[in-house]
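Engineer:
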Amino acid sequence: MTSEPTSGAGPAARPQDTGELAGRAVARVGYGAMQLERLRDDRPAAVALLRHAIDLGVDHVDTAQFYGDGFVNDVIREALRPGDDVLVVSKVGAVSDPGGPFPLRLAQRPEDLRASVEANLAALRTERIPVVNLRRVDSGITIPVPDDQVIPLDDQLAEMLALRDEGKIGAIGLSSVSLDVLRHALPAGIVCVQNAYSLVARDDEDVLRLCAEERIAWVPYFPLGGAFPGLPKVTDEPAVRAAAERLGHTPAQIGLAWLLHHSPRTLLIPGTADPAHLEANLAVAAITLDEQARTALDAIPTRPVAGLGH
Numbered sequence: 001m002t003s004e005p006t007s008g009a010g011p012a013a014r015p016q017d018t019g020e021l022a023g024r025a026v027a028r029v030g031y032g033a034m035q036l037e038r039l040r041d042d043r044p045a046a047v048a049l050l051r052h053a054i055d056l057g058v059d060h061v062d063t064a065q066f067y068g069d070g071f072v073n074d075v076i077r078e079a080l081r082p083g084d085d086v087l088v089v090s091k092v093g094a095v096s097d098p099g100g101p102f103p104l105r106l107a108q109r110p111e112d113l114r115a116s117v118e119a120n121l122a123a124l125r126t127e128r129i130p131v132v133n134l135r136r137v138d139s140g141i142t143i144p145v146p147d148d149q150v151i152p153l154d155d156q157l158a159e160m161l162a163l164r165d166e167g168k169i170g171a172i173g174l175s176s177v178s179l180d181v182l183r184h185a186l187p188a189g190i191v192c193v194q195n196a197y198s199l200v201a202r203d204d205e206d207v208l209r210l211c212a213e214e215r216i217a218w219v220p221y222f223p224l225g226g227a228f229p230g231l232p233k234v235t236d237e238p239a240v241r242a243a244a245e246r247l248g249h250t251p252a253q254i255g256l257a258w259l260l261h262h263s264p265r266t267l268l269i270p271g272t273a274d275p276a277h278l279e280a281n282l283a284v285a286a287i288t289l290d291e292q293a294r295t296a297l298d299a300i301p302t303r304p305v306a307g308l309g310h
């Protein structure tokens, strides 16, 4: 697969059925496990939801030890079976802080990154995590950054590379990074980037372009916006609603489908705690956006991202 432009190719273009992440093919719509925390009081339902996703073809699950203060990783460990061919992607750079002003706090020091990897390994009961994203503080975040959490990228990458050399992680990704940070990190062999990005928040188009050039998977979080105050909502856009009504889909499905059509490097990880919503998300991979819809959606202006980070 060669470098691709960030727009579709023709009036009847459809998203590809699979994309590439860490050297393997995965379904372009995976599952972001953060929302499993909403089922904390019904653990069997959380396990059943993840099993349902896997049974429907999900082979890319995104998680973090700080999701639900460990609850989400516990669910993943219980739900996965030996025969499942699921690529589990986690992230480091923050830890749970249930009693703090935010549900998480930054943990950017190299020793913190290592401790977080070890915590993920222990929770998932595995010897190796296929992909671990280094969650930086360069883009799309408003959590206060203490002075002791301003860590040089090279120091962090050195620790991540050591963990990869030790076999504890398989590949390195980045999250919440600027274009310059991504460029600087490229020699480390970055396999994916997770930034806040949606149809109405496209400030990182230059980051996406570089990902396309370097064959790096683009995994947007907050793909529909609106997750926190200050984030515009894709589903509020009149053009999105009009396209949904005309094509027979929900506004959320149209917003997700646009992301898949916009760049072949895009992999989605929408999260939900509802089985019907899960099925609707996975159906997005089969949606065709005609030229009329794509022209109208492309014309929607982007708005600044301002909200709590991922």
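For the sequence shown, the positions run 1 to 310 when the working numbering is used.
C-beta atoms are modelled at their ideal positions from N, C-alpha and C, and glycine is treated no differently.
What does the Cβ neighbour count give for Ala299, buried or exposed, with the cut at 16 atoms within 10 Å?
Structural biologist: exposed
Engineer: Do Val117 and Leu163 have their C-beta atoms closer together than 8 Å?
Structural biologist: yes
Engineer: Which of the three DSSP states, helix, strand or coil, is assigned to Gln292?
Structural biologist: helix
Engineer: Rounded C-beta distance between Pro130 and Leu87? I'm assuming under 8 Å.
Structural biologist: Correct: roughly 5 Å between the Cβ atoms.
Engineer: Under a three-way DSSP split, which group does Ile54 fall into?
Structural biologist: helix
Engineer: Within its chain, find whatever has a CB closer than 6 Å to the CB of Asp97; leave out the 5 residues flanking it on each side and keep chain order.
Structural biologist: Leu104 and Arg105
Engineer: Among Gly248, Leu134 and Asp236, which one has its Cα closest to the Cα of Ala280?
Structural biologist: Out of Gly248, Leu134 and Asp236, Gly248 has the C-alpha closest to the C-alpha of Ala280.
Engineer: In whole angstroms, give me the CA-to-CA distance for Gly68 and Glu37.
Structural biologist: 5 Å
Engineer: Suppose contacts are defined by Cβ-Cβ distances below 8 Å. Is Lys91 in contact with Ser178 by that definition?
Structural biologist: no
Engineer: Looking at the structure shown, is Gly271 part of a helix, part of a strand, or coil, going by DSSP?
Structural biologist: coil
Engineer: Relative to the alpha-carbon of Gly255, which residue among Tyr197, Val95 and Gly140 has its alpha-carbon at the smallest distance?
Structural biologist: Tyr197
Engineer: Just verifying my parser: in three-state terms, what is the DSSP assignment at Ala217?
Structural biologist: strand
Engineer: Is it true that the CB of Leu49 sits closer than 8 Å to the CB of Leu278?
Structural biologist: yes
Engineer: Considering only residues of the stretch 74-132, which uninterrupted alpha helix (DSSP H) runs meet the minimum length of 4 residues and lie entirely inside it, listed in chain order?
Structural biologist: 110-124
Engineer: Taking the alpha helix (DSSP H) that Gly19 falls in, what are its first and last residues?
Structural biologist: Looking at the DSSP string, Gly19 is not in any alpha helix (DSSP H); the run it does join, the beta strand (DSSP E), is Thr18 to Leu21.
Engineer: From Ala107, Ile287, Glu213 and Val234, pick the residue whose C-alpha is nearest to that of Arg135; which is it?
Structural biologist: Measuring from the Cα of Arg135, the nearest candidate turns out to be Ala107.
Engineer: Do you know offhand how far Val356's Cα is from Ile169's?
Structural biologist: As shown, the chain starts at 1 and ends at 310. That puts residue 356 outside it, with no answer to give.
Engineer: Identify, in the order they occur along the chain, each residue of the same chain with its Cβ nearer than 6 Å to the Cβ of Pro187, setting aside the five sequence neighbours on each side.
Structural biologist: none
Engineer: Whole angstroms is fine: what's the gap from Ala94's alpha carbon to Ala46's?
Structural biologist: 23 Å
Engineer: Nearest CA to the CA of Gly225: which residue from Val234, Arg77, Leu161 and Leu268?
Structural biologist: Val234
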